[in-house]
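Note sheet for the following structure.
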């Protein structure tokens, strides 16, 4: 990661000149969940989840498994339709349009366009096994951003260099360690120049010795002002990097505070018990 | 033993066998390629959310797998022109009839093979591709399909070889492929062993070429940065021998 000290991950010259963190005219949360509800059959997974992420902030989401954290991220990324509430990006409701008094899910083509503004990193990396690291990073650029192959290849090579994978650019996912795969996955999301990045337990599938290299890239992103929502079990990362920490339990947010408040004096008994359990 | 090697060699190098082989290969290639296209459409229909499409796909596979290939071939050649007079015209040759029958029949089998390939693609990658903002068509073409191809190469190569041998059924509708010529010559010379042996040699050689092509294809889909001269015939052949 020595390179990234000089070369930024969020380099407007590389990623294009969409609004950078702290762009003028930005007021209110960048990404906002308003009373999101989601159920699978009779099982209510999200029971009215509301929170906002300020521009340039990192929000860590903690909670026991099955508390709805991953589902919430998928709803924010428009990968799952929601049953109630709304998702707002820069104050604008996304994923649906108003038809009279009802909100109707947007057609797939328009959803795709909105999704391209939200980066997503998965627990199991989900790299495309038939493409090299470079190919994985290029695909969104050529297919969604309609860049030429040459240009996409150049950008992909550059960003892989910056996440410390320059020498591995021509390798296939099966030839990379978990930590390297996850860094490719981060680069793949990053080249789309997203307004916000969502991380779904990005280090949970990694061997302990590989966790550090992924967290280092995420820390660098946070330092450069990327807005992030990170579902994680890494309490250390939440303490050090997050601006706000929220606790989810049984489909609800039961605690939302700064790391000091959250870890120092959690208000909720369930938060206290959870923190004791993960420590 | 009464095996006339001169008759055998003359048969082997005869124009009739060469022409028969060309027809057999041509019929195999066009029928199998058409079958892959039919199978792909059927497989996608089978995974559709619409019940009507799922039902139509299921019915097709049911019918075309159930009825013997020879019956389908004879039906297309003899019965269809009776039902549709337009097929009585000159252009509806034995080759076209065989192509139609064999590809529709094989399409049912390919549908199941491709469906298996579709089920083998990890859903996480489709999720990741959608998260990038790719449209459903783009996800299918760039992420799903390349992985399906890799999974279905071995079973499809199997089908290809089977298809070559099934083309011999077309001798029943007097298409001049390998077996038709063989039988015609036997009926004149009564040299069974020599002519059957010559035909067997042709099938062996053609299948060997198919196998080499399969090895080339499989190498192309190795997904390894170490594959070296991947996709080149010589490398593939070496790989084939090593297995």
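Residue numbers (this note's numbering), protein chains in the order written: chain A, 11 to 289; chain B, 10 to 252. Backbone N, C-alpha and C fix where the C-beta goes; we use that ideal spot for every residue, glycine too.
Residue i - containing alpha helix (DSSP H), residue span
i, result
"residue 109 (chain A)", "First-last for residue 109 (chain A): 106-109, but that is the beta strand (DSSP E), not the alpha helix (DSSP H)."
"residue 262 (chain A)", "Where residue 262 (chain A) is concerned, there is no enclosing alpha helix (DSSP H), although the beta strand (DSSP E) it sits in stretches over 262-267."
"residue 232 (chain A)", "218-233"
"residue 14 (chain B)", "14-21"
"residue 43 (chain B)", "24-55"
"residue 80 (chain A)", "79-86"
"residue 247 (chain A)", "245-251"
"residue 142 (chain A)", "Element bounds for residue 142 (chain A): n/a, residue is neither H nor E."
"residue 157 (chain B)", "154-175"
Pairwise C-alpha distance: residue j and residue i
i, j, result
"residue 41 (chain B)", "residue 104 (chain A)", "46 Å"
"residue 32 (chain A)", "residue 66 (chain A)", "Residue placement at residue 32 (chain A) cannot be trusted, given a pLDDT of 48 that sits under 50; what the coordinates show is reported in the next sentence. If you take the alpha carbons of residue 32 (chain A) and residue 66 (chain A), they lie about 7 Å apart."
"residue 72 (chain B)", "residue 126 (chain B)", "22 Å"
"residue 83 (chain B)", "residue 99 (chain B)", "18 Å"
"residue 229 (chain A)", "residue 251 (chain A)", "7 Å"
"residue 243 (chain A)", "residue 74 (chain A)", "9 Å"
"residue 84 (chain A)", "residue 121 (chain A)", "13 Å"
"residue 127 (chain A)", "residue 132 (chain B)", "22 Å"
"residue 94 (chain A)", "residue 114 (chain B)", "49 Å"
"residue 64 (chain B)", "residue 172 (chain B)", "27 Å"
"residue 34 (chain A)", "residue 168 (chain A)", "With a pLDDT of only 49 at residue 34 (chain A), under 50, the local geometry of the prediction cannot be trusted, and the value read off the model is given with reservation. The alpha-carbon atoms of residue 34 (chain A) and residue 168 (chain A) are separated by roughly 28 Å."
"residue 182 (chain B)", "residue 86 (chain B)", "7 Å"
"residue 139 (chain A)", "residue 199 (chain A)", "16 Å"
"residue 226 (chain A)", "residue 237 (chain A)", "16 Å"
"residue 280 (chain A)", "residue 79 (chain A)", "16 Å"
"residue 180 (chain A)", "residue 223 (chain A)", "20 Å"
"residue 69 (chain B)", "residue 177 (chain B)", "24 Å"
Residue i: first and last residue of the uninterrupted beta strand (DSSP E) it sits in
i, result
"residue 50 (chain A)", "41-50"
"residue 69 (chain A)", "68-72"
"residue 113 (chain A)", "112-115"
"residue 62 (chain A)", "53-63"
"residue 96 (chain A)", "94-99"
"residue 281 (chain A)", "Segment 279-288 is the alpha helix (DSSP H) holding residue 281 (chain A); no beta strand (DSSP E) there."
"residue 238 (chain A)", "237-241"
Chain D within 8 Å of residue i, Cβ atoms only
i, result
"residue 180 (chain A)", "In the displayed structure, chain D is absent; the protein chains listed are A and B."
With 8 Å as the limit, tell me which residues of the segment 143-175 of chain B have their beta carbon closer than that to any beta carbon of chain A; keep them in chain order. 143, 144, 145, 147, 151, 152, 155, 156 and 159
Three or more C-beta pairs under 8 Å: does that hold for the segment 48-61 of chain A against the segment 79-90 of chain A? yes
Residues of the segment 200-229 of chain A with a CB closer than 7 Å to any CB of chain B: list them in chain order, please. Along the segment 200-229 of chain A, the positions whose C-beta sits under 7 Å from a C-beta of chain B are 202, read in chain order.
If we count Cβ pairs, one from each stretch, closer than 8 Å, do we get three or more for the segment 132-146 of chain B versus the segment 194-209 of chain B? Counting Cβ pairs under 8 Å, fewer than three are found: no touch.
Touching by the beta-carbon criterion (3+ pairs, under 8 Å), the segment 149-156 of chain A and the segment 204-222 of chain A: no
In the segment 197-232 of chain B, which residue ranges form an unbroken alpha helix (DSSP H) of at least 4 residues, counting only runs that do not cross its ends? Listed in chain order, they are 201-229.
Give a yes or no on contact between the segment 216-226 of chain B and the segment 115-125 of chain B, applying the rule of three or more CB pairs nearer than 8 Å. no
In the segment 82-141 of chain B, which residue ranges form an unbroken beta strand (DSSP E) of at least 3 residues, counting only runs that do not cross its ends? none
Entirely within the segment 149-220 of chain A and at least 3 residues each: give me those beta strand (DSSP E) ranges in chain order. 206-210
Using a Cβ-Cβ cut-off of less than 9 Å, list which residues of the segment 39-50 of chain A approach chain B; keep chain order. none
For the 8 Å Cβ check, are there 3 or more pairs between the segment 164-181 of chain A and the segment 191-201 of chain A? yes
Is the segment 157-169 of chain B in contact with the segment 214-222 of chain A, if contact means three or more CB pairs nearer than 8 Å? no
Along the segment 145-163 of chain A, where does the CB come closer than 7 Å to a CB of chain B? Name the residues. Taking 7 Å as the upper bound on Cβ-Cβ separation, chain B lies near residues 149, 150, 153 and 154 of the segment 145-163 of chain A.
Proximal residues, the segment 109-133 of chain B versus chain A, C-beta separation under 8 Å: 131 and 133
Residues in the segment 113-141 of chain A with C-beta within 7 Å of chain B's C-beta atoms, listed in sequence order? Taking 7 Å as the cut-off between beta carbons, the residues of the segment 113-141 of chain A near chain B are 118, 119, 122, 123, 125, 126, 130, 132, 134, 136, 138, 139 and 140, in sequence order.
Residues of the segment 183-199 of chain A with Cβ closer than 9 Å to any Cβ of chain B, in chain order: 183, 184, 185, 195, 198 and 199
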